[in-house]
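The opening residue of the sequence shown carries number 126 in our numbering; numbering runs sequentially from there. Here is the structure we will look at, set down as structure tokens.
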Amino acid sequence: LRELMGVDVLPSLEHSGGSYFETLPCGYIGLHEDASRLPLGTLDPQEDNRVARANVLLYLNGLSDNSTGNLEFWSIDPSTGLPGKPKAVVAPRRNRLVIFDTLDGVHGMPWPLRGV
Numbered sequence: 126l127r128e129l130m131g132v133d134v135l136p137s138l139e140h141s142g143g144s145y146f147e148t149l150p151c152g153y154i155g156l157h158e159d160a161s162r163l164p165l166g167t168l169d170p171q172e173d174n175r176v177a178r179a180n181v182l183l184y185l186n187g188l189s190d191n192s193t194g195n196l197e198f199w200s201i202d203p204s205t206g207l208p209g210k211p212k213a214v215v216a217p218r219r220n221r222l223v224i225f226d227t228l229d230g231v232h233g234m235p236w237p238l239r240g241v
């Protein structure tokens, strides 16, 4: 992960965000940015190694319908600060591993999952 992200990424028991997550038909994950609470006195999350920095997703199964269940990464419209448009789309495939930096990364599965 150090080579991939350019920072030391260490496991932490302090961050409660790690979990198993399952999305059922009609479920979705709205576009969002992952948030971490910075320790007092910390101004730049890029320089603080205590901030949660990586999401690691492993798809345990895939979907036969290629048009549903996609993880989307969105750009931010600089004039509004709101999500602008998708800049990358990742289809769920069995054993696919997705690793991304949580800082400045709007992502989600914004469209309801159709029947599996």
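Note that beta-carbon positions come from the ideal geometry of N, C-alpha and C, so glycine has one too.
Practice task
May I have the straight-line CA-CA distance separating Arg178 from Cys151, to the nearest angstrom?
Solution key: It is roughly 29 Å from the alpha-carbon of Arg178 to the alpha-carbon of Cys151.
Practice task
Compute the Euclidean distance between the alpha carbons of Tyr153 and Lys212, then round it to the nearest angstrom.
Solution key: Going from the Cα of Tyr153 to the Cα of Lys212 covers about 19 Å.
Problem - DSSP state of Glu197 mapped onto helix, strand, coil - result: Of the three classes helix, strand and coil, the one that applies to Glu197 here is strand, per DSSP.
Problem - Buried versus exposed, by CB contacts within 10 Å (16 or more), Pro203 - result: It is exposed - the Cβ of Pro203 has fewer than 16 other Cβ atoms within 10 Å.
Handout entry: Whether Val215 touches Glu158 by CB criterion (9 Å)
Key = In this structure, Glu158 does not lie closer than 9 Å to Val215 by Cβ.
Exercise for the section: Tell me whether Phe146 is buried or exposed, calling it buried when 16 or more other Cβ atoms sit within 10 Å of its Cβ. Expected result: Its Cβ having fewer than 16 others within 10 Å, Phe146 is exposed.
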